[in-house]
Amino acid sequence: MGEVIYRIKYHAGASPPAGKEAITIADYQYRNLVSVIGHRHPDTDSICSAIAYAWLKNQGSDGTFYEPRRAGDLNRETEFVLRYFGVDTPRICLDVRPQLKDAEYRLAPGIDEDLSLRDAWTMMVRDEIETLCITDEENNFKGIITLKDIGQAYMNIEDTTILAEAHTSYANLAKTLNGELLVGNLEDRIERGKLCIGSNPEMMEDLMEEGDIVLVTNRYETQSYAVESGAGCVIVCCGAKLPKAILHRATEKGCAILATPMDTYSAARLISMAAPVSFRMITKDILKFTPDTPVEEVRKVMAGVRHRYFPVMDASGKYAGVISRRNLLNPHRKKLILVDHNEKLQAVSGLEEAEILEIIDHHRLGALETGEPLVFRNMPVGCTSTILYRIFGEMGVTPSREIAGLMLSAILSDTLMFRSATCTDLDRTAAEALASIAGVDMASYAEQMFRAGEDLTGRSPEEIVNADLKDFRFGDMTVAVGQSLFMTEEVFRQAEELIRPYIPIARKKSGEEMFFYMLTFTPEKRTRLLYDGEGAEELVRRAFGVDTSDGAADLPGVVSRKKQMIPPLRSAVAVEQGL
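Residues are numbered in the working numbering as their position in the sequence shown, beginning at 1, plus a constant of 583.
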């Protein structure tokens, strides 16, 4: 059936559109797929909004299929949310550059290793291709044969033992010479002997050896001499008839007799082409690709070799087709809907090579260019799911319990249970309505969700820091700003002890000039800010007017990264750079 790309259980109880119960690359057009995806280092809003909007879009019947994706690992809070409402984790997507499956590669079937060189050449001419892939009955890849390989076999006139060395079947021999096997078994194979022309017995005496393959015409004495001298096979050319006595004697001697309408010259030219492709196929150092290989990488590889066609393997390692340079000229771009972000720095890799159809976001506008006009829904609210709630209402669609639960979770997470400075009345109204549909008590559920998110058990500093980390451009430099939320003082202090030594390491790994990390104690609406990088300490002082000490500063009243952390930092940088 192919690789399952999405199952309707993501829709959490909704009635699926007809024919979409289990969609595969094999039975659903890959290019009708649109990925709905949030930012890198996804938070609960990023994941839940992607799932909710894909669910909503799939309620339509425009022939397009929408799949939620994630651009990184889930944090513990989001894991709790998906587990609580019984919704599967979206597939990961780290790069949206065109892949081989976005190009028009040939879905050419593999050929059997016993196929003759002549039949392989005929296929190449018919299909206008210079390379064929050899596979077994289970479609396992075995090797390739090229037009060059066949040409070399044809031109090597000194290789008179090719049929025996290749263990050529009499079936191949008969088909190649358009002949009929009069004595012998088509399934038998030639195991010994060289090729020779039987002109007359006098010349054959010094030329022919036992087991040889002898080409003769209509001369009785030549036919008889070949059989009596122990030929392994006698090929009678020019459509000549054979006496019954010779056929009978050949049967007794174990000599195969094959009659062909071809003249001796034509038969001699073609006979080596009866050898199976396995004799000439290449099996070592073959460059192979998979449908998931980025087109850019394939181009680089192809530029360094002389071959024109390359085999493509599917996800299970089976042969899938062949790709050439020509197939890579105009690959189809992946189609995306972005949620909870609109800045290239935060987006999945390869965004510039994808086609963005929509953006649903609640952040400031970032430097993101698109080739075509698109739907851009942006509102100054605390959460992307609040915008989605309005879109659901405009379309007259009521979310399922599971989808409502995910959207509620996103709002509670992004607004810190309405404590954040970004929270609006629209967020509260949406959350109350969604809580009713999901059938949960907001206060009790929020406490469970936040406690799951702050749990440090078994977590490394790197895992905690990367759970919610975003990159931002401030003038001519980029900085990383991460955040963790805590409900209990004890865990809050444990987190600082665990994370603080790691911050300089995190900055170096990120490659950013400055690195900031917010440890936010939600009940008291305050943040302990950790930072690293040249100029970071002075920037914090100017931006917030607070004292700093040993890579840390206390920021009372600051809980929102979007509204209370980024703007002051950006303004301070702008003043410094004279922007």
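We put the beta carbon where it would ideally sit given N, CA and C, even for glycine. Note that the coordinates shown come from a computational prediction; the quantities given were computed from them, not determined experimentally.
Short Cβ contact (8 angstroms threshold) for residue i with residue j
i     : j     : result
T751  : R772  : yes
P826  : Y808  : no
P681  : E936  : yes
L778  : T743  : yes
A686  : I906  : yes
T1110 : M1101 : yes
K1146 : T1005 : yes
Y972  : A1026 : no
Y892  : E713  : yes
E618  : K927  : The question names Glu, yet the displayed sequence has Ser at residue 618. The answer is no: Cβ separation not under 8 angstroms.
Y902  : N722  : yes
L1081 : A1063 : no
I1020 : Y636  : no
G726  : M896  : no
V964  : H945  : yes
P844  : N755  : no
T1071 : R1002 : no
E1045 : Y1085 : yes
R947  : Q1066 : no
V881  : L911  : yes
Minimum C-alpha distance to residue i - residue among the options
i     : options                      : result
F648  : E1045, D656 and W638         : W638
D626  : S983, A1021, D846 and R652   : R652
L841  : A757, Y892 and C631          : A757
G1058 : H945, P1150, G976 and K1091  : P1150
D1024 : S996, F1055 and G988         : G988
S861  : N723, R802 and S699          : S699
I943  : S632, L690, T714 and G646    : S632
T759  : A691, E696, G822 and A857    : A857
G655  : A635, S782, F663 and D678    : D678
E804  : M787, D795, G815 and I796    : M787
T998  : T967, S618 and A1155         : T967
N801  : I1047, C821, T729 and L951   : C821
V922  : T969, P877, D645 and D897    : T969
H915  : I630, L665, K684 and E1159   : K684
M1060 : L1152, R1042, L765 and R984  : L1152
L1068 : L1112, P1084 and R1090       : L1112
P956  : N910, I939, A851 and R1144   : I939
T718  : K871, P692, M738 and M962    : P692
K674  : F1104, D1130, I620 and Y688  : Before going further, note that residue 674 is Arg rather than Lys in the sequence given. Checking every option, the nearest Cα to that of R674 belongs to I620.
F724  : K731, L715, S782 and D732    : L715
E1079 : E650, I974, G837 and D1133   : D1133
N961  : T953, I974 and G954          : I974
T873  : R1002, R689 and D795         : R689
D732  : S782, H890, T1105 and L657   : H890
G904  : G669, K1108 and K871         : K871
T729  : E720, T705, A747 and E741    : T705
V810  : E835, L769 and K824          : E835
R909  : A886, N925 and G837          : A886
A1155 : P1139, R1124, A1135 and V888 : R1124
L991  : A1029, V980, D1008 and M978  : A1029
G949  : N925, I994 and A833          : N925
L951  : P1087, M1000 and F1055       : F1055
DSSP beta-bridge partners of residue i
i     : result
F1001 : Partner(s): none; F1001 has no beta bridge.
A1063 : D1054 and F1098
Y902  : M896
S907  : Y892
K1092 : Answer is none; K1092 lacks a bridge partner.
Y1114 : F1099
C716  : I727
I970  : Answer by DSSP bridge pairing: none, since I970 is not bridged.
D1137 : R1111
S1132 : A1135
Q1077 : The partner list for Q1077 (beta bridge, DSSP) is empty, contrary to what the question assumes.
E763  : A842
Distance between beta carbons of residue j and residue i, contact taken as under 8 angstroms
i     : j     : result
I745  : S855  : 5 angstroms
G1036 : E711  : Actually they are not in contact, since the Cβ atoms of G1036 and E711 sit about 59 angstroms apart, beyond 8 angstroms.
R623  : Q1077 : Actually they do not touch by this definition, with Cβ atoms about 26 angstroms apart.
D628  : S996  : 6 angstroms
L765  : L830  : 6 angstroms
E985  : F668  : 5 angstroms
F1127 : A1119 : Actually they are not in contact, since the Cβ atoms of F1127 and A1119 sit about 12 angstroms apart, beyond 8 angstroms.
L794  : G815  : Residue 794 is actually Gly in this sequence, not Leu. Contact flag correct, Cβ pair sits at about 4 angstroms.
Residue i at chain D interface by Cβ criterion, 8 angstroms
i    : result
E938 : Chain labels in this structure do not include chain D; a single protein chain is all it has.
Near the ligand HEM: residue i beta-carbon under 7 angstroms from a heavy atom
i    : result
L616 : Absence of the ligand HEM from the depicted structure is noted, as is the absence of any ligand whatsoever, leaving it without description.
Pick out the complete alpha helix (DSSP H) segments inside the region 616-675, 4 residues or longer, and give them in chain order. Taking only runs of at least 4 residues, the alpha helix (DSSP H) segments lying wholly in the region 616-675 are 627-640 and 659-667.
Residue ranges of each alpha helix (DSSP H) run of no fewer than 4 residues wholly in the region 775-860, ordered along the chain? Within the region 775-860, the complete alpha helix (DSSP H) runs of at least 4 residues are 784-790, 803-811, 827-836 and 847-853.
Entirely within the region 912-953 and at least 3 residues each: give me those beta strand (DSSP E) ranges in chain order. Within the region 912-953, the complete beta strand (DSSP E) runs of at least 3 residues fall at 918-922 and 938-944.
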